[in-house]
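Below is one structure; the comments refer to it alone.
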Amino acid sequence: MAKLIKDGAFVANDAWTRIEDNAMAEEYSLISLERWTHQQAELQPLASRGKLGLFLNSDQTADMVAEQCRNFAVIAVDFPKFTDGRGYSIARLLRDQYHYAGDLRAVGDVLIDQLFFMKRVGFSSYALRDDQKEKYALAAFSTFSQPYQGAMDEQRPLFARITR
Numbered sequence: 001m002a003k004l005i006k007d008g009a010f011v012a013n014d015a016w017t018r019i020e021d022n023a024m025a026e027e028y029s030l031i032s033l034e035r036w037t038h039q040q041a042e043l044q045p046l047a048s049r050g051k052l053g054l055f056l057n058s059d060q061t062a063d064m065v066a067e068q069c070r071n072f073a074v075i076a077v078d079f080p081k082f083t084d085g086r087g088y089s090i091a092r093l094l095r096d097q098y099h100y101a102g103d104l105r106a107v108g109d110v111l112i113d114q115l116f117f118m119k120r121v122g123f124s125s126y127a128l129r130d131d132q133k134e135k136y137a138l139a140a141f142s143t144f145s146q147p148y149q150g151a152m153d154e155q156r157p158l159f160a161r162i163t164r
């Protein structure tokens, strides 16, 4: 089971579970985008109560969810391998363009080396790959003391933050 980091700490028990499209959707289910597209009317009551999450594959884009992203308490974005950077773009667009304010979760091949950058684009929780060491994970969020570019976690670039 993946080690989950949320709000700067490890979470012992997380209720959210990815389910297959043929399984019954219950509270705290992460469903596929395809299922949401085909069964939105029957799933909407669960979503309205904040008890439904969405699982996005890396080949799905933020515009496929668009404003509907606000229906979900959690959106999990899959990183099938650590070299696949499409999840970063999905996160940034969901936060910046579609104003998603819920829990944006990185899942899959999530390594400690990626945490700092994932936070910068808007991820708020991280399901680490099983072989990652907990004792190093939280320190990875402060890998760099002052990033140069503006991002979701700090809008102003470094030159705008320096007082003269």
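The opening residue of the sequence shown carries number 1 in full-length UniProt numbering; numbering runs sequentially from there. All residues carry an ideal CB built from backbone N, CA and C; glycine is no exception.
- Between Met118 and Ala101, the gap from beta carbon to beta carbon reaches 8 angstroms or more.
- In this structure, Leu33 lies away from Thr17, with their beta-carbon atoms at least 8 angstroms apart.
- By the neighbour-count criterion, in which a residue is buried when 16 or more other Cβ atoms sit within 10 angstroms of its Cβ, Gln97 is exposed.
- Distance from the CA atom of Leu138 to the CA atom of Phe55, rounded to whole angstroms, is 24 angstroms.
- Look at Ile31 here: in three-state DSSP terms it is strand.
- Cβ atoms of Ala127 and Leu94 stay farther apart than 8 angstroms, at about 17 angstroms.
- The Cβ neighbour count for Ala12, taken over all protein chains shown within 10 Å, is under 16; the residue is labelled exposed.
- In the DSSP assignment, Val121 falls outside any beta strand (DSSP E) and within the unbroken alpha helix (DSSP H) covering 115-121.
- Nearest to Glu27 by C-alpha distance, out of Arg120, Arg49, Gln40, Gln39, is Arg49.
- Per DSSP, Leu111 lies in no alpha helix (DSSP H) and is assigned neither H nor E.
- If you draw a 10 Å sphere on the C-beta of Ile162, you find fewer than 16 other C-beta atoms in it, and that means exposed.
- Sequence-distant partners of Asp103 (beyond 5 residues in either direction) whose C-beta falls short of 6 angstroms from its own C-beta, in its chain, are Val74, Ser124, Ser125.
- The beta carbon of Asp153 lies closer than 6 angstroms to those of Lys119, Arg120 in the same chain, with the five residues before and after it left out.
- Counting every other CB atom within 10 Å of its CB across the protein chains shown gives Phe144 a total below 16, marking it as exposed.
- When only Cα atoms are considered, Val110 and Asp59 end up about 17 angstroms apart.
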